[in-house]
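Note sheet for the following structure.
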Amino acid sequence: MVPKEEKLLRAVTKLILWVSCWTPVILRSLPLEYIDGNPVPTVVFKGHPSIFHAFVISIILAFTGSFFALRIGYQSRIGKVCGYCCLVSMASAFWLVVYALLASDWLRLDFLWKAWPSFVASL
9 MVPKEEKLLR
19 AVTKLILWVS
29 CWTPVILRSL
39 PLEYIDGNPV
49 PTVVFKGHPS
59 IFHAFVISII
69 LAFTGSFFAL
79 RIGYQSRIGK
89 VCGYCCLVSM
99 ASAFWLVVYA
109 LLASDWLRLD
119 FLWKAWPSFV
129 ASL
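In the working numbering, the protein residues as written are 9 to 131.
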């Protein structure tokens, strides 16, 4: 009998494996710009090649960790470590995308800073 925690970790690991397999396919279909000979997607990472490279490394680590966690199993300590590493890597990839969106011109939050004084004054 498999404990609930192991079933949940196995399901999340399979999801991370699936997402990390399809992410390069999706990235190759986006419009690209070449910065120093390296392709960088312009939709999210425009002007931020270092954030894009960190994102790619996080996706690679998530794929590797999830693959090994599923192949080794969660009974061994190394399998659990690989499973938790893939969770951390996918979370960091997600936050790198959020950071790139906030740092780019695609999503500007200037209106929050302009509306903040009037909001505080109304309190």
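Beta carbons are placed, not taken as given, at the ideal position from N, Cα and C, and that holds for glycine.
| Residues bridged to residue 65 (per DSSP) | For the purposes of this step, residue 65 is identified with residue 57 of the sequence shown, where counting begins at 1. Residue 65 is not bridged to any residue.
| request: Flag this pair as touching only if the region 48 to 62 and the region 72 to 81 have three or more C-beta atom pairs under 8 Å; answer yes or no. | output: no
| field | Contacting residues, own chain, Cβ-Cβ under 6 Å from residue 28 (five flanking each side not counted) | value | Position 20 of the sequence shown holds residue 28. Excluding residues within five positions, the ones whose Cβ falls inside 6 Å are 67, 70, 71.
| message | Please return the same chain residues whose Cβ sits closer than 6 Å to the Cβ of residue 89, not counting the five positions on each side in sequence. | response | One-based indexing of the sequence shown puts residue 89 at position 81. Around residue 89: no qualifying Cβ.
| Who are the Cβ neighbours of residue 47 in its own chain at under 7 Å, not counting the five residues just before and after it? | The residue you call residue 47 lines up with position 39 of the sequence shown. Counting only Cβ-Cβ distances below 7 Å, and skipping sequence neighbours, we find 40.
| query | Is the Cβ-Cβ distance between residue 74 and residue 21 less than 8 Å? | reply | In the sequence shown, counting from the first residue as 1, residue 74 sits at position 66. In the sequence shown, counting from the first residue as 1, residue 21 sits at position 13. Contact flag set, yes.
| field | Where the beta strand (DSSP E) through residue 48 begins and ends | value | Indexing the sequence shown from 1 puts residue 48 at position 40. Element bounds for residue 48: 46 to 49.
| field | Assigned secondary structure, residue 95 (DSSP; H/G/I helix, E/B strand, else coil) | value | Along the sequence shown, one-based indexing puts residue 95 at 87. Residue state, collapsed to three classes: helix.
| query | Mind checking residue 110: buried by the 16 CB within 10 Å criterion, or exposed? | reply | If you number the sequence shown from 1, residue 110 lands on position 102. So residue 110 counts as exposed.
| field | Residues of its chain near residue 112, where Cβ-Cβ distance is below 8 Å and the 5 sequence neighbours each way are ignored | value | Numbered from its first residue, the sequence shown carries residue 112 at position 104. Hits under 8 Å: 52, 53, 54, 55, 56.
| field | For residue 40, the three-state DSSP class (helix, strand or coil) | value | Against the sequence shown, residue 40 aligns to sequence position 32. It is a strand residue.
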